[in-house]
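For reference, the structure is listed below as structure tokens.
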């Protein structure tokens with residue numbers, strides 16, 4: 025893990041194209057209450073998920089990925105809500121646990137029709153799991169955002 029100086033800024037791109045809102049707008053209580061971490065929820069318009077930053081894949085499930093930057097920032101992208109019950113149906117992973125990834129690299133794709141057929145929400149939380157202290161999170165955009173556009177800025181506080 026790289027040492028982080030106060031004032032260090034990390035930028036994270038939007039992991040998929042869609043309508044972006046603060047995570048407090050998520051219909052899933054666990055995410056909307058910030059239990060997992062602060063961030064955003066995205067209603068996707070394109071079924072491909074890209075890495076928002078250079079990172080290492082901490083864990084990979086068909087419907088969710090945990091990643092960690094070299095600065096030790098951990099983040100989670102959970103495609104849809106209640107998608108864990110699909111047991112991978114409708115998802116294709118392009119990375120595995122332990123893989124290094126670059127910002128903009130394709131991580132997974134999903135079939136929105138499969139999700140809808142099983143009554144799963146397409147809402148995709150993108151949250152920072154270990155940034156409650158030591159970092160200031162700024163949401164740079166809301167509304168329609170394209171994959172890869174700068175979306176979140178983290179500033180190290182100490």
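Residue numbers (my numbering): 25 to 182.
We treat Cβ as the ideally placed atom computed from N, Cα and C, and that holds for glycine.
This one's a predicted model, so the numbers in the text were calculated from it and none came from an experiment.
- When the five nearest sequence neighbours on each side are left out, the beta carbons in the same chain lying within less than 6 angstroms of the beta carbon of residue 56 are those of 48, 50, in order along the chain.
- Residue 176 and residue 36 have their alpha carbons spaced roughly 5 angstroms apart.
- Distance from residue 97 to residue 89 at the Cβ level is roughly 14 angstroms; contact not present, criterion being Cβ atoms closer than 8 angstroms.
- Under the DSSP assignment, residue 171 falls outside any alpha helix (DSSP H); it carries neither an H nor an E label.
- The continuous stretches of alpha helix (DSSP H) do not include residue 118, and DSSP gives it neither H nor E.
- CA-CA distance, residue 30 to residue 178, rounds to 11 angstroms.
- Between residue 64 and residue 100, the C-beta spacing is not below 7 angstroms.
- Under DSSP, the beta-bridge partners assigned to residue 149 are 65.
- Between residue 39 and residue 134, the gap from beta carbon to beta carbon reaches 7 angstroms or more.
- Residue state for residue 49 is assigned as helix, using DSSP reduced to three classes.
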